[in-house]
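Q:
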Amino acid sequence: MSLNFNQYAADANSFMKEYAEKLNIKDKDKAGRILSAILHGLREVISTEESLQFIAQLPMFLKAVYVNGWSSHKKQRVKSMIEFIDLINRFDGVTAVNDFQSDEKTIKYIKTTFLVLRKYVSHGELEDIRTELPKELKSLIFEEFLF
348 MSLNFNQYAA DANSFMKEYA EKLNIKDKDK AGRILSAILH GLREVISTEE SLQFIAQLPM
408 FLKAVYVNGW SSHKKQRVKS MIEFIDLINR FDGVTAVNDF QSDEKTIKYI KTTFLVLRKY
468 VSHGELEDIR TELPKELKSL IFEEFLF
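Taking the numbering used here, I'd label the letters of the sequence shown as residues 348 to 494.
Shown next as structure tokens:
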């Protein structure tokens with residue numbers, strides 16, 4: 348298998364342009380920070396096994412975002428939407444106040460992220476992830492769309 352980094356970069360740029368548009372953000376760097384924080388938050392609340400099944404369906408550039416900085420430490424105990432938003436904000440760091448601005452906007456960004464990921468991730472895998480999420484977070488995946 349040949350590693351075509353130019354193609355990965357082109358695919359990533361195309362994705363980020365589309366993703367930023369869906370978020371209604373002009374700044375692709377900001378959109379990238381939002382994507383990274385949401386994916387890193389997700390990987391903290393689902394099992395390692397589910398994470399591996401999830402990333403198996405992602406294109407290379409999204410796999411890289413998902414696994415960047417990943418360690419096999421104990422998972423975060425997140426039971427509520429507020430705890431999940433706080434976790435995402437911690438992953439975004441000092442830019443979180445500017446990037447996410449409010450809990451409502453953060454929830455909108457999370458839902459939009461899952462909508463965009465449907466392009467790569469099967470309905471079955473999204474159902475599996477939804478099953479692992481705490482009750483208060485389940486609506487983040489299927490509330491906005493029906494298959």
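Here a beta-carbon is modelled for each residue, glycine too, at the ideal position from N, C-alpha and C.
Given a threshold of 16 other Cβ atoms within 10 Å of its Cβ, counted over all protein chains shown, does LEU389 qualify as buried or as exposed?
A: By the neighbour-count rule (16 or more Cβ atoms within 10 Å), LEU389 is buried.
Q: What three-state label does DSSP hand TYR366 in the structure shown?
A: Of the three classes helix, strand and coil, the one that applies to TYR366 here is helix, per DSSP.
Q: Taking only three categories from DSSP, how would you classify PHE492?
A: Reliability fails at PHE492, whose pLDDT of 49 lies under 50, so the model's placement of it is uncertain and the value that follows must be treated cautiously. Coil.
Q: Taking 8 Å as the threshold, find out whether the stretch 423 to 433 comes into contact with the stretch 350 to 363 through three or more Cβ pairs.
A: No: the two stretches stay apart, fewer than three of their Cβ pairs being nearer than 8 Å.
Q: Select from TYR456, PHE352, GLU472 and ARG424 the residue whose C-alpha is nearest the C-alpha of SER383.
A: Out of TYR456, PHE352, GLU472 and ARG424, TYR456 has the C-alpha closest to the C-alpha of SER383.
Q: Could you tell me which of LYS482, PHE489, VAL468 and SER486 sits nearest to PHE401, measuring between CA atoms?
A: Of the listed residues, the one whose Cα sits closest to PHE401 is VAL468.
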